[in-house]
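Q: Pasting a structure below so you can have a look.
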Amino acid sequence: MSQPVITRFAPSPTGHLHIGGARTALFCWALARRAEREGSGGSGGGGGRFVLRIEDTDQARSSEDASRGILEDLAWLGIDWDDGPEFEANGKTLGGDPRGVGPFRQALRLDTYNRFFDQLLDRGLAYAAFDTPEELAAMRETAKSEKRTFRYTKPEKYDAGAARERMQSEPHVLRLAMPTDPIVVHDEILGEITFTQEHFDDFVIRKNDGFPTYHFAVVIDDELMGVTHVVRGQEHLNNTSKHVGLQSLLKHHDGRPFRVPSYAHVPLISNPDGSKMSKRDKDKAARAAAKDARLTASPIAGLSDDALAKWMKDKKAQLDTGPLSALAEHLAVDLPAIEVADFEAAGYLPGVVCNFIALLGWNPGVKDAEGKDLERFDMEYLAERFAFDRAGTSASKFDREKLLAFNADTIQHELDDDAFAALWRTWLERFEPWVLETLGDRFERAARATRPRARTLRDAIEPIRFALIDDDQIVYDDKAVQKGLKKGEPSGLALLERFAPQLSAIEPFEPETIESAVKAFAESQEVGLGKIAAPLRVALTGTSVSPPLGETLGLLGREICIERVARTIGEHTQTSA
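Counting from 1, one number per residue, gives the positions in the sequence shown under our numbering.
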């Protein structure tokens, strides 16, 4: 690589980052980081930079909160950017404008776009169009009735002078006089693709509100920011012909033509059933639950009965995040994780998420020690190896079970107790602070107890939930009671009564000494360890499953153990009688 590789990620700020967008950002980041490493290693490369740009020209859908959400999502994933909006994360400032190519929000770049609009108008390569929505709809209907694809082209008797006059007082858009010659796109993944005249028309480059369309702004910004490689999803492939056509017409003020970046279109991400993985999947899940519950009136504030009815009938309708989350909570339905923030809230680890999504459309082409395709790697490995020759062309299915297995394996086998406790504490502080408050100085012990069973940071709450509730909140599982307390001779309940006095004598009340005391008791009664462990678990947790017995008792503490055992004996002795 003799020149710098400059990639960019340019999301629209309309909500948190979709996991597919995160995959695109990760590939852009990895391509730039590999070039950066090769450049700094003296191999003749020119280095690499990753640019983050916010495409907020759609003023109706863009918001500052959504912009910040995207920055937070990328920072959480560990995808740092060299040029772009400044953002503080983990004591480090991301972004900035060291090359002087900003600003990085399109709404702040209107003067720049206007200069190029004027250039195209002056050269006769763009023209004003005054068609009303009704007139455009009629044109489309005519094309449909004639069984042809609707393509807008410049009217034959177009009067540029009169149009200039009308532009001063009438609503209008600007359209590009699109070249008619075939356009060839050299794609790094899909190969050479030729677009002919039937694939494009004179598309809009400036809307009637004065803002550029996505197609225009992206071409201008990529050129002025020095972008050399454009990596994006295959859904943008048809747009690329527009962009290359526009690049062929634009010039800098000194006459230099615009460059054509290297394009790479990565495969789409689908659900296991082959459907597109979309934010609408959340509405689909909530809508199904609402229909099962036969909702006829809205159970939440901020959502009227009429709005609820309309949403339930329209499969394409989407509720805002707030009402949708409230409705899902009311219906006790878990919405599928679709956006990066969903996976963070669900307790996935950012490195695991990046590892998993990197495999959606790319693989390192390396075997592991067992001769299987290598699937587990970190960000550093990706940055060293990423290249388009290992990219796929077909849609990648998002296997949630596989992601969960990756996460569980990392927590249970790759993190030590201290590392897990640090991650879990940070996550709890943000999402479930009540757990920290309830555990107090028992937190470290709880972390050690739950890690071997946890699949996610949220899931880690479940194995120690018995330590987060009051004694009178325990609900005894019937099967556990029958097997653990009532069966056998002597019964579990009888053994529990004999063991109860020993709880006061265990000193210190720590996992090791507790385990030793329980083992000694079992030997004294000439029963297996499980015969006393089972009734203890039922008494302390209400179930037959818990962390190791010493950890369970130690986490609760002596007083609570004594109280719960006494309560169990009292309640179930009465029941037996």
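Virtual Cβ for every residue (Gly too), placed ideally from N, Cα, C. These numbers were taken from a predicted model, which means no experiment stands behind them.
Would you give the residue range spanned by the alpha helix (DSSP H) that SER516 belongs to?
A: Your numbering for residue 516 matches position 516 in the sequence shown. 511–524 is the span of the alpha helix (DSSP H), which, as asked, contains SER516.
Q: Counting only the same chain and skipping the five closest in sequence on each side, list residues whose C-beta sits under 7 Å from that of ALA143.
A: What you label residue 143 is simply residue 143 of the sequence shown in a count that begins at 1. For ALA143, where only same-chain residues beyond five positions count, the Cβ hits under 7 Å are THR149, PHE150.
Q: Are there 16 or more other CB atoms within 10 angstroms of the CB of GLY42, so buried, or fewer, so exposed?
A: Looking up residue 42 in the sequence shown gives position 42. Unreliable positioning characterises GLY42 in this predicted model, as indicated by a pLDDT of 46, which lies under 50. The coordinate reading is nonetheless provided below. GLY42 comes out exposed.
Q: So, LEU52 versus VAL340, is the Cβ gap smaller than 8 Å?
A: Numbered from its first residue, the sequence shown carries residue 52 at position 52. Numbered from its first residue, the sequence shown carries residue 340 at position 340. Contact: no.
Q: Let me confirm a value: LEU136 is counted as buried when at least 16 other C-beta atoms fall within 10 Å, else exposed. Which label applies?
A: Here the question's residue 136 lines up with position 136 in the sequence shown. Exposed.
Q: CA-CA distance, ALA160 and GLY124?
A: Counted from its first residue, the sequence shown places residue 160 at position 160. Counted from its first residue, the sequence shown places residue 124 at position 124. Rounded to the nearest angstrom, the two C-alpha atoms are 8 Å apart.
Q: Taking LEU110 as the reference, which of PHE211, ILE300, ALA297, LYS483 has the closest Cα?
A: Within the sequence shown, the letter at position 110 stands for residue 110. Of the listed residues, the one whose Cα sits closest to LEU110 is PHE211.
Q: Beta-carbon within less than 7 Å of PHE521's beta-carbon, same chain only, minus the 5 sequence neighbours each way: which residues are those?
A: Taking the first residue of the sequence shown as position 1, residue 521 is located at position 521. PHE499, GLN502, ILE532.
Q: On the criterion of 16 or more Cβ atoms from any shown chain inside 10 Å, does TRP311 qualify as buried, or is it exposed?
A: Counting from one through the sequence shown, the residue named residue 311 turns up at place 311. So TRP311 counts as buried.
Q: Are the CB atoms of ILE338 and LEU26 within a distance shorter than 8 Å?
A: Within the sequence shown, numbered from 1, the residue matching residue 26 stands at position 26. Within the sequence shown, numbered from 1, the residue matching residue 338 stands at position 338. LEU26 places its beta carbon 8 Å or farther from that of ILE338.
Q: DSSP on SER270, reduced to helix/strand/coil?
A: Within the sequence shown, numbered from 1, the residue matching residue 270 stands at position 270. Residue state, collapsed to three classes: strand.
Q: Counting only beta-carbon separations shorter than 8 Å, does SER145 have a partner in chain B?
A: Absent here is chain B; the protein component of the structure consists of one chain.
Q: Taking contact to mean at least 3 C-beta pairs separated by less than 8 Å, is the stretch 247–263 in contact with the stretch 176–195?
A: yes
Q: Which of the three DSSP states is assigned to GLY100 in this structure?
A: Working through the sequence shown from its first residue, we reach residue 100 at position 100. Taken through DSSP and simplified to helix, strand or coil, GLY100 comes out as coil.
Q: Using 8 Å as the cut-off, can you tell me whether the stretch 258–278 makes contact with the stretch 300–317, which would need three or more C-beta pairs spanning the two stretches below that distance?
A: Not touching, per the Cβ criterion.
Q: Under the rule that 16 or more other beta-carbon atoms within 10 Å means buried, what is ILE469, buried or exposed?
A: Here residue 469 refers to the residue found at position 469 of the sequence shown. Classification for ILE469: exposed.
Q: Going by Cα to Cα distance, which pick from ALA369, GLY351, ASN363 is closest to ALA408?
A: Counting from 1 along the sequence shown, the entry for residue 408 is found at position 408. Minimum Cα distance to ALA408 is reached at GLY351.
Q: Using a Cβ-Cβ cutoff of less than 6 Å, which residues in the same chain neighbour TYR152 once the five nearest sequence positions on both sides are dropped?
A: What you label residue 152 is simply residue 152 of the sequence shown in a count that begins at 1. Closer than 6 Å at Cβ, skipping near neighbours: ASP201, ASP202.
Q: Can you tell me whether ILE357 is helix, strand or coil according to DSSP?
A: Taking the first residue of the sequence shown as position 1, residue 357 is located at position 357. Of the three classes helix, strand and coil, the one that applies to ILE357 here is helix, per DSSP.
Q: I need the DSSP call for MET1, collapsed to helix, strand or coil.
A: Residue mapping note: residue 1 aligns to position 1 of the sequence shown, counting from 1. Its pLDDT being 44, under 50, MET1 is placed unreliably by the model, and the measurement read from it follows with that caveat. When DSSP states are grouped into helix, strand and coil, MET1 belongs to the coil group.
Q: When the distance is taken between beta carbons, is ALA383 closer than 8 Å to ARG33?
A: Here residue 33 corresponds to residue number 33 of the sequence shown, with the count starting at 1. Here residue 383 corresponds to residue number 383 of the sequence shown, with the count starting at 1. The answer is yes: Cβ separation under 8 Å.
Q: With DSSP run on the structure shown, which of helix, strand or coil describes ALA264?
A: Here residue 264 refers to the residue found at position 264 when the sequence shown is read from its first residue. ALA264: strand per DSSP, three-state reduction.
Q: Are at least three pairs of beta-carbons, each pair with one atom in the stretch 413–427 and one in the stretch 441–455, less than 8 Å apart?
A: yes
Q: Between the alpha carbons of GLU563 and LYS367, how many angstroms are there, rounded?
A: On the sequence shown, position 563 is the one that residue 563 refers to. On the sequence shown, position 367 is the one that residue 367 refers to. So the alpha carbons of these two residues sit roughly 55 Å apart.
Q: Could you pull out every residue in the same chain whose Cβ sits closer than 7 Å to the Cβ of VAL353, ignoring the five residues on either side in sequence?
A: Mapped onto the sequence shown, residue 353 falls at position 353. For VAL353, where only same-chain residues beyond five positions count, the Cβ hits under 7 Å are LEU77, PHE343.
Q: Which same chain residues, not among the five before or five after VAL230, have their C-beta less than 6 Å away from its C-beta?
A: To locate residue 230, count along the sequence shown from 1; it is residue 230. Excluding the 5 residues flanking it on each side, VAL230 has same chain C-beta neighbours closer than 6 Å at PRO261, TYR263, in chain order.
Q: Would you mind working out which of ARG558, HIS172, ASP80, ALA107 sits nearest TYR13, comparing C-alpha positions?
A: As a working note, residue 13 is residue 13 in the sequence shown. It should be noted that the sequence gives Pro, not Tyr, for residue 13. The shortest Cα separation from PRO13 among ARG558, HIS172, ASP80, ALA107 belongs to ALA107.
Q: Exposed or buried, what is ALA10 when buried is set at 16 or more other beta-carbons lying within 10 Å of its beta-carbon?
A: In the sequence shown, residue 10 corresponds to position 10, counting from 1. ALA10 is buried by the Cβ-count criterion.
Q: Could you have a look at TYR593 and say whether DSSP puts it in helix, strand or coil?
A: For the chain, the structure presents residues 1 to 577; residue 593 sits outside this window and is missing.
Q: With a threshold of 16 other CB atoms inside 10 Å of the CB of TRP434, please say whether the residue is buried or exposed.
A: Here the question's residue 434 lines up with position 434 in the sequence shown. Exposed: under 16 other Cβ atoms inside 10 Å.
Q: Please say whether ALA447 and ASP663 have beta carbons closer to each other than 8 Å?
A: Beyond the ends of the chain as shown, which are 1 and 577, falls residue 663; an answer cannot be given.
Q: Might you give, ordered along the chain, the residues of its own chain that have their beta carbon closer than 7 Å to the beta carbon of ALA293, omitting 5 neighbours on each side?
A: For the purposes of this step, residue 293 is taken as the residue at position 293 of the sequence shown. Cβ neighbours of ALA293 beyond the five flanking positions: LEU331.
Q: Should THR410 and ALA480 be called a contact, given that it needs their Cβ atoms to be closer than 8 Å?
A: Here residue 410 refers to the residue found at position 410 when the sequence shown is read from its first residue. Here residue 480 refers to the residue found at position 480 when the sequence shown is read from its first residue. Taking 8 Å as the Cβ cut-off, THR410 and ALA480 do not qualify as a contacting pair.
Q: Can ARG256 be considered in contact with the ligand GDP, in the sense that its beta carbon sits closer than 7 Å to one or more heavy atoms?
A: For the ligand GDP, the structure offers nothing, since it holds no ligand at all.
Q: By the 10 Å Cβ neighbour count, where 16 or more other Cβ atoms means buried, how is HIS16 classified, buried or exposed?
A: Here residue 16 corresponds to residue number 16 of the sequence shown, with the count starting at 1. With 16 or more other Cβ atoms within 10 Å, it is buried.
Q: Does PRO257 come out as helix, strand or coil in the three-state DSSP assignment?
A: Position 257 of the sequence shown holds residue 257. Residue state, collapsed to three classes: strand.
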